[in-house]
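S.K.:
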């Protein structure tokens, strides 16, 4: 196919520059010389005529030589000129074929036109000028047809490529829409589950306050009523001292709960002090863990929302260490500059396989890391979790400080 298109291009170049290459298929060599001389008389050296004495030679030449036109004698023995023309076209020869015959016949003329032969000449009536003009018109007409065919193929190829491109873009767009819908659905589900989690935490906190400090305060109230009935001073003094101790203990419990909800040092003294205070209590409660702090003092330099968000993320990380990590050492780093604040909590625990989508953890009831991501994103920041089973976990949060002083 490529060879035929190459030969078509070569024919097109010769139509502009010449000479034209003509193949004469005729079993009579005298007719070859006669045809050659007639074309020379009519146009000089504009035509170069080669000869094929039989159909097999003709078929070989159209496959191996660039030809602008073929003149085929009708009488070729076992295969007539019309049948040979059909065989040439089956081999994808696209140049013009002109049939020559020594006997004029309307039936032959009609059959030749129906087979794809471009023109029909009677040898007894042909002249040099008629032969040259017939060849020239046939070549030019075929050139135009070939140019139109190539243009059509090129246009169809462009249309096909553009169609495929549009199909690809449409498929990509549909995939993006589906992905966006999936993400939106997951975000909606995550938001709903997070709200449910917050409500559950409120219920648990209320139960903790009711079953703990409030019950003890009810007991203190009852004991105070009994205190009024005590007659002996020594007994009253012992009970007052015990009440004071119990009140101090209950106050400690409430301070601890309040500290978890919002550390008192966070607003007046900054994140660094709040982290150290929490870490001290954490270390006292869990002496088996080695806690290493590398914290930059921040005072009032960071926006309160940034301080609170980073502290909450720190709490999530430390709670995960206690519940899941089975770690022996935890490192907490905090630093900031004019552009961003960075918090990092790293443990040497058992690690875990990071899910492809955090919604899967939320569906399993693990809200901590998902909530931490939400807090970081709400401040325009980013949270990175690095972990592998057996290699510990590192949580790194970066928050921009456009509003820092």
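Numbering (the working numbering), first residue to last: 246 to 650. Backbone N, C-alpha and C fix where the C-beta goes; we use that ideal spot for every residue, glycine too.
(1) For residue 625, which residues in the same chain have their Cβ closer than 7 Å to its Cβ, ignoring the five residues on either side in sequence?
(2) Let me make sure I understand the geometry here. Which of 297, 620, 570 has the alpha-carbon closest to that of residue 329?
(3) For residue 557, I'd like the list of residues in its chain whose CB is within less than 7 Å of its CB, leaving aside the five on either flank, ordered along the chain.
(4) What are the boundary residues of the alpha helix (DSSP H) that residue 518 is part of?
(5) Apply the 10 Å Cβ neighbour rule to residue 256 and answer buried if 16 or more other Cβ atoms are within range, or exposed otherwise.
(6) Buried or exposed: where does residue 247 fall if 16 or more other Cβ atoms within 10 Å of its Cβ makes it buried?
(7) Is DSSP giving residue 489 helix, strand or coil here?
(8) Can you name the start and end residues of the beta strand (DSSP E) that residue 562 belongs to?
(9) For residue 634 and residue 593, what's the separation of their Cα atoms in angstroms?
(10) Express the C-alpha separation of residue 299 and residue 274 in angstroms, rounding to a whole number.
(11) Does DSSP put residue 634 in a helix, in a strand, or in coil?
(12) Could you work out which residue in 465, 570, 588, 331 is closest to residue 596 when comparing CA atoms only?
(13) Considering only the beta carbon of each residue, do residue 561 and residue 613 sit closer than 9 Å?
(14) Leaving aside the five residues before and after residue 542 along the sequence, list all residues of the same chain whose C-beta is less than 6 Å from its C-beta, in chain order.
(15) Would residue 509 be called buried (16 or more neighbouring beta carbons within 10 Å of its own) or exposed?
(16) Along the chain, where does the beta strand (DSSP E) containing residue 325 start, and where does it finish?
(17) Using beta carbons (cut-off 9 Å, strictly below), is residue 300 in contact with chain B?
(18) Roughly how many angstroms lie between the CA atoms of residue 482 and residue 524, to the nearest whole one?
(19) Do three or more CB pairs link the segment 267-286 to the segment 314-325 at distances below 8 Å?
M.R.: According to the data block:
(1) Closer than 7 Å at Cβ, skipping near neighbours: 645.
(2) If we check each option's Cα against that of residue 329, 297 comes out closest.
(3) Once the five neighbours on either side are set aside, the close Cβ partners of residue 557 are 620.
(4) For residue 518, the enclosing alpha helix (DSSP H) starts and ends at 516-530.
(5) Reliability fails at residue 256, whose pLDDT of 45 lies under 50, so the model's placement of it is uncertain and the value that follows must be treated cautiously. Buried, since its Cβ has 16 or more Cβ neighbours within 10 Å.
(6) Note on residue 247: pLDDT 41, under 50, position unreliable in the model; the coordinate value appears next. Burial state of residue 247 is exposed, judged by a 10 Å Cβ sphere holding fewer than 16 other Cβ atoms.
(7) If DSSP states are grouped into helix, strand and coil, residue 489 belongs with the helices.
(8) Counting along the chain, residue 562 falls outside any beta strand (DSSP E), though it belongs to the alpha helix (DSSP H) covering 549-565.
(9) Each residue's alpha carbon lies about 11 Å from the other.
(10) Take the alpha-carbon of residue 274 and the one of residue 299: they are about 11 Å apart.
(11) Coil at residue 634, not helix or strand.
(12) Residue 570 holds the alpha-carbon nearest to the alpha-carbon of residue 596 among 465, 570, 588, 331.
(13) Yes, they are a contact pair.
(14) Cβ within range, chain order: 517.
(15) Exposed is the call here.
(16) Taken as a continuous stretch (DSSP letters only), residue 325 belongs to no beta strand (DSSP E), as it is neither H nor E.
(17) Structure shown: chain B not included; a single protein chain is present.
(18) Residue 524 has its alpha-carbon roughly 38 Å from the corresponding atom of residue 482.
(19) Result yes; three or more Cβ-Cβ pairs closer than 8 Å.
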